[in-house]
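Worksheet for the structure shown next.
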């Protein structure tokens, strides 16, 4: 028996919205420690890794490890039937091929259940090595989204360079070029509005902007985003999910031919 | 803009 209950159903909606543009079908792996998901986009350029720890749920029961294959667009559509304040419960039998989503209004005067068929998804699991990154930038998530969107009006790729001066986002296109520099800024009143740069070595990498724009669908999950880069690794864009875990996006760089 | 690498160039299947 699997039973996951979340008082803040709206959170689950945001999680699905953050993944469904990048990944169509994925397995939700549930164990006693929580729920996780790892999937690549169809071109294998980006990978999304989600973790929702069991202690972040209001009720979490998972008698047996389960891998539940779902179409993320279908789940997202289904969750749109829940109110933002609804309590959402997922239920699945150990041997069943369906999952039930139950939505309860905050006053408990409306209860809906939607049953969805599970899918058999053959997915490869990749080992993500622990790494020390050359540069880690923490910044407001809305600012990061704004930068990606603004640069995409000019070009398709972005060069992200971290030096002791700050982090520079540059692009070029048919109509011209653009550079946006963000300097470390820790003097603001609220920590979530600060930009913090931890740099061991300067690093400069090139990425396709359209993937970064997909990642910014996670902006509603967190006020801040952390971007980690090393010259020999995919970049990591991480949004923390309060008290529960994270959604991490890995993006393979463009390399000189 | 360079050649696009893939995630599997960096991470191994387990």
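Chains as they are written, first to last, in the working numbering: chain F, 27 to 283; chain A, 23 to 36. Built from N, CA and C at the ideal position, the CB exists for glycine as well.
Check, Outcome
"So, under 8 Å CB-CB, residue 143(F) and residue 124(F) are touching, yes? Tell me the CB distance rounded to an integer number of Å.", "6 Å"
"For the alpha helix (DSSP H) containing residue 29(A), name the first residue and the last one.", "Note, residue 29(A): premise wrong, no alpha helix (DSSP H); not H, not E."
"If you measure between the beta carbons of residue 52(F) and residue 98(F), is that distance less than 8 Å?", "yes"
"In the DSSP assignment, find the alpha helix (DSSP H) that holds residue 240(F) and state where it starts and stops.", "235-241"
"Could you check how far apart the C-beta atoms of residue 244(F) and residue 273(F) are, in whole angstroms? I think they sit under 8 Å.", "5 Å"
"Comparing C-alpha positions only, which one of 70(F), 48(F), 185(F) and 36(F) sits nearest to residue 108(F)?", "36(F)"
"In chain A, which residues lie with their C-beta within 9 Å of the C-beta of residue 194(F)?", "Result: empty, since nearest Cβ-Cβ is about 17 Å, beyond 9 Å."
"Which residues in the same chain have their Cβ closer than 8 Å to the Cβ of residue 89(F), if we skip the five residues on either side of it in sequence?", "27, 28 and 120"
"For a cutoff of 8 Å on Cβ pairs, would you count residue 100(F) as touching chain A?", "no"
"Applying the criterion that 16 or more other CB atoms from any shown protein chain within 10 Å of the CB defines a buried residue, is residue 58(F) buried or exposed?", "exposed"
"Which one or two residues does DSSP pair with residue 181(F) in a beta bridge?", "Note: residue 181(F) sits in no beta bridge, so no partner."
"For residue 164(F), tell me which candidate among 172(F), 217(F), 196(F) and 252(F) has the shortest Cα-Cα distance.", "252(F)"
"Taking 8 Å as the cut-off, does the region 145-152 of chain F touch the region 177-185 of chain F (at least 3 CB pairs, one atom from each stretch)?", "no"
"Could you give the distance in angstroms between the alpha-carbon of residue 262(F) and the alpha-carbon of residue 160(F)?", "12 Å"
"Considering only their Cβ atoms, is the gap separating residue 128(F) from residue 136(F) smaller than 8 Å?", "no"
"If we count the other Cβ atoms within 10 Å of its Cβ and call it buried at 16 or more, is residue 203(F) buried or exposed?", "exposed"
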